[in-house]
Structure formats: structure tokens, C-alpha cells
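Asks: According to my numbering, numbering within the sequence shown proceeds without interruption in unit steps and concludes at 683. Note that the Cβ used here is the ideal one computed from N, Cα and C, for glycine as well. Following this message is one structure expressed as C-alpha cells.
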Amino acid sequence: MPDHLKRNRFIPFRKADVIDMCVSESKLSRDDIMAFKDLCQILEAIFHFEFHGHLEKLKACYAPFNPDADTRGVVAYSAAEKENLQKQLVAEMAAVLTAANFEKITAQDLKQALAEESIFQIRLEVDFEDFEDVIFFRRGESLKEETLVKYFGLWKKSFQFTNYDRVAVYIKFKEADYFEQQKRKHLYFEPGSTVIKLFHNVPKADLEMLFPNSKVRMKTIDKIIIGVPAAVSGIVVLVTKLGASLLLVGSVISFWLGFKDEEVQIKQQHLIALGAGLGTLAGFLFRQINKYKNRKIKFMKALADNLYFKNLDNNAGVFYHLIDAAEEEEFKEAVLAYCFLLIAEEPLTKNALDQRIENWLSDRWNCRIDFEIGDAIQKLQRLKLIAAENGYLRSVPLDSAKQELDTIWDNFFRYNLSLENK
């Protein structure tokens, strides 16, 4: 991995695969393997239940702002209530994204990305003044290679670029008053709206294409490609088609202004030639304008095509993706940490456990990651699946671990306590 790329925290394996990987490594007895899988099943159910609560909170906070809602609202929120819900939405999204091992793209990272050359050879312009709040998160950073082809395939160049596997976008537009003051009427978005999107395989240099108000602009080289031939052709048209007519018109104006004594006679053939020349010039200008528009449409289509295939979900639908991703990451981290403590011959320190898991993933599965050992230990301690003593960690035996999880599951709802006490 190149030095400038940080190791990802994301574990790129499915939950079921992680369980099988642990079983193949553990060399447990048949009974212990069944007990371990039972533990994984109830652990998965607990995380699923807990993250369902996060999902419902996200949906509730986003309800007043959801442009895709197909249900009727029964509560009229005040401006202060909406502002409070917006803050809760941002905080809850950040927590879920962090659990899903996304990392925030800082303002400096975004500024650097926007300054880089687009790999799609498109120049985009973003008006950041339109936004009240902009938050970008990404997961999975890798180095990829593409081949740039120009001049009908005669020139090729290979180049490397930083790619993000997943990018989550949260954007809050300013209210309508701002756009009214700017006298901007024809908008492609709703003032005051909140846009949430999820993309995959996004080059770092092309993050600007993810903004909903990005506009295609002609690059300097494209202006030259269109402008230089247009200027040369325009001069040729003026000289060949309008040269004589323009000289005649100039002579008439000179006579009217008194710069010339000899009267100029304009005949019918002169007017016909002038009209034909002007028609040719008008046709030429029309073609050049169309060339400019067609090239811009070509760039806009390239942008639309890329966004179409990179977009994973929008608005409230993003929550389901993120909750599922967070639930999977939390489960995989907990299972790996518990399994390696379970099969260890002696208690391990936090750093030793972290090193064993990272080395195993790297050596056995060719996967270099920065394992979230602190988060994994915190989850296992909360669930009472591990014990700590003098800086050393050990796993709770499988049977006891299953009983602890079963107790947690049974106590999510405690409406029947009165019956149990009888």
C-alpha cells in the first residue's frame, strides 16, 4: 500500500464469511464450533435490534425534510423544532457512519480534491454559497490506474488516482430568502431542502460532481479547440464572402460622412451579394454556437452517465444502507476480537490482540486494515463477553457467553416481570 494512503478500517468480508474464517482458524471441537455459531447468531440479533433503534431515530429526524416522503405529516414543526431535528440528524448520521467505519472528509481534503484535475476531463463549478451545511464521509481508499485516450486513439497515457469505495454526502441548502436576494429564480433544487446521497467508486479528484448544484464549464483547451478554428474560418468567410460587399458599404459610409467626394452607386447585384454574404456569415455563426453547445452537452452526458452508475441510494434510502453497513462492521469486529481471545492460549493485552488480528488478516487473507481494537473491546465488555485484569484480556467461555447474550436479549422488553415474580 502506498505510504500516502492510510489503512482502511473497513473489514471487506461478509458476516457469514468472517464466521467461517474464524471457524477454520480456531480448530475448535465440533461442539464448540456449534456453540460459537450459536453465539454469533444471537450476537447478530442483538446488534440488529439495537441498530433498528438508530434507523427509526434517523427516519424521525429526517421526516420534516424528506422530499421523497409518501406519507402525510400530522405535526406542524416550528422553525426551532426543525433546527433541533436537523442537529440530531447530523449527530445520529455521524455516529452511524463512524460505526460503519466511514471517515469524515475534512474541509482541507475537499479543497485539495477540488483543485485536482478531473479524470473524466470535465471542468465543474460549484457555488458553495448555496449551502448552509456540507458533510462528506468516505470509506475505503485505494489507488487505481486508468488509461487516458486522446486524438482518436493516437495518444495514450496511463495515470494513477485515489479512489473512494463509498462516499456519503449530506448537504443542507440555504433558505429561499437567500436565493431571492441573489435574484436566482430557475433553480434545479428546492431551497431549504436537505439532500442525502450515497455513491460508490468515486475518484477523489471528482468529488465536485457529487454536489447537486455543480455546473459543467468549458476547459481552456476545449475553448481553444473550438475557438481557434472558428476564428480562422470566420476570417476566411469575411474575406471571401463579404470582402467586396464590406468595401462597398465602407465607401458609402465614407461618402455620407464627407470623407469621399465621389458618389458610390449601389446596384442590385451588390445587394444580392451582400445578402448572400450575410446569410453565409449567419450560418457560420449558427454552426459555431451549435458546436459549443454540443460539446457542452457531451460533457454533461459524461457527468450524468458517471453519476447514474455511481449512485447507490438517495435521501431516506441511504439510512438503510448505512445502518446495514454499521451493523455488519460492529458484528465483524466483535466476532474477530472474541474469537482470537477464545483461541489464545493465554490472556492478551489490547495491543497484542490487535496485532494478531491484523497480521492474520494480512498474512492469511491478503487484507491489510487498521483493526478497530478499541471499539471491539468496548462492545465485548458492554456485552460481558470478555474480562479484563491487570491490562490483560480473556474471553468468557462459550456457554457463559451465550447465557450473557441470552439474558440481554430477554431483557430488551420486560413487560412480564409481574408474571415472573408470582
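1. Quick check: the Cα distance between E591 and R643, rounded to an integer number of angstroms?
2. Could you check which residue in A649, F570 and L304 has the C-alpha nearest to that of D667?
3. Could you pull the start and end residues of the alpha helix (DSSP H) that T359 belongs to?
4. I'd like to confirm the pairing. Which residues does DSSP put opposite Y653 in its beta bridges?
5. Which residues in the same chain as R617 place their Cβ atom closer than 6 Å to its Cβ, once the five residues preceding and following it in sequence are excluded?
6. With a CB to CB cut of under 7 Å and the five nearest residues on each side skipped, what residues in its chain are close to A688?
7. Which term fits K593, buried or exposed, when burial requires 16 or more other beta carbons within 10 angstroms of its beta carbon?
8. So what's Y581 in DSSP terms, helix, strand or just coil?
9. Express the C-alpha separation of P328 and N269 in angstroms, rounding to a whole number.
10. Take F363 as the anchor and find which of D467, C628, L641 and H461 has the nearest alpha-carbon.
11. For Y599, which option in F422, H309, V279 and L316 has the closest C-alpha, if you only look at C-alpha atoms?
12. Beta-carbon within less than 7 Å of D636's beta-carbon, same chain only, minus the 5 sequence neighbours each way: which residues are those?
13. Classify K683: buried if its beta carbon has 16 or more other beta carbons within 10 angstroms, exposed otherwise.
14. On the premise that F580 lies in contact with K343, defined as a C-beta separation below 8 Å, what is that separation, rounded to the nearest angstrom?
15. Measuring CA to CA, which of R291, K645, F632 and K571 is closest to N620?
16. Around the Cβ of K433, are there at least 16 other Cβ atoms within 10 angstroms (buried) or fewer (exposed)?
17. Check each candidate in F673, W626, V430 and L603 and name the one with the smallest Cα separation from A662.
18. Could you give the C-beta distance for V351 and Y431, rounded to a whole number, given that I count them as a contact under 8 Å?
19. Rounding to the nearest angstrom, what Cα-Cα distance links S287 and K640 in this structure?
20. According to DSSP, simplified to helix, strand and coil, what is P325?
21. Indicate the three-state DSSP secondary structure (helix, strand or coil) for E390 in the structure shown.
22. Starting from D667, trace the alpha helix (DSSP H) in both directions and tell me its first and last residue.
23. I need the straight-line Cα distance from K405 to N424, nearest angstrom please.
24. For K348, count neighbouring Cβ atoms within 10 angstroms of its own Cβ and tell me buried if that reaches 16, exposed if not.
25. Between which residues of its own chain and K365 is the CB-CB distance below 6 Å, once the five residues before and five after are set aside?
26. Buried or exposed: where does S623 fall if 16 or more other Cβ atoms within 10 Å of its Cβ makes it buried?
27. Let me make sure I understand the geometry here. Which of V463, V456 and F570 has the alpha-carbon closest to that of R427?
28. By the 10 Å Cβ neighbour count, where 16 or more other Cβ atoms means buried, how is L448 classified, buried or exposed?
29. Between I307 and the rest of its own chain, which residues show a CB-CB distance below 7 Å, the 5 nearest in sequence each way excluded?
30. Looking only at its chain, what residues have a beta carbon closer than 8 Å to the beta carbon of S285, apart from the 5 residues adjacent to it on each side?
31. Measuring only the C-alpha atoms, how far is M295 from V456?
32. According to DSSP, is E422 helix, strand or coil?
Replies: This is what the structure gives:
1. Those two C-alpha atoms are separated by around 13 Å.
2. Nearest C-alpha to D667: L304.
3. A340 to A360 is the extent of the alpha helix (DSSP H) around T359.
4. In the DSSP output, where bridge partners are listed per residue, Y653 has T610 and E650.
5. Within the same chain, and ignoring the five residues on either side of R617 in sequence, the residues whose Cβ sits closer than 6 Å to its Cβ are F601.
6. Given a span of 262 to 683 for the chain in the structure shown, any question on residue 688 remains unanswerable.
7. Buried, by the Cβ-count rule.
8. Under the three-state reduction of DSSP, Y581 is assigned to helix.
9. Going by C-alpha positions, N269 is about 33 Å away from P328.
10. Nearest option by C-alpha distance: H461.
11. When each option's Cα is compared against that of Y599, the closest is V279.
12. Result list for D636: E594, in chain order.
13. Since pLDDT at K683 reaches only 48, below the 50 mark, its modelled position is unreliable, and no value is offered.
14. Not a contact, Cβ separation roughly 18 Å.
15. With distances taken between Cα atoms, N620 lies closest to F632.
16. Buried is the call here.
17. Residue L603 is the option with its Cα nearest to A662.
18. Separation of the CB atoms of V351 and Y431 is rounded to 7 Å, and the pair is thereby assigned contact status at 8 Å.
19. Cα-Cα distance, rounded: 21 Å.
20. Here P325 sits in helix by DSSP.
21. E390 falls in the helix class under three-state DSSP.
22. Counting along the chain, the unbroken alpha helix (DSSP H) around D667 starts and ends at L659 to D671.
23. If I take the Cα positions, the gap works out to 7 Å.
24. That one is exposed.
25. Within the same chain, Cβ atoms closer than 6 Å to the Cβ of K365 are found at F398, the five residues on either side in sequence being excluded.
26. When all chains shown are included, S623 counts as exposed.
27. Closest by alpha carbon: V463.
28. Classification for L448: exposed.
29. These residues qualify, in order along the chain: L666, I669 and W670.
30. Excluding residues within five positions, none has a Cβ falling inside 8 Å.
31. Each residue's Cα considered, the two are about 45 Å apart.
32. For the record, residue 422 in the displayed sequence is Phe; it is not Glu. Residue state, collapsed to three classes: strand.
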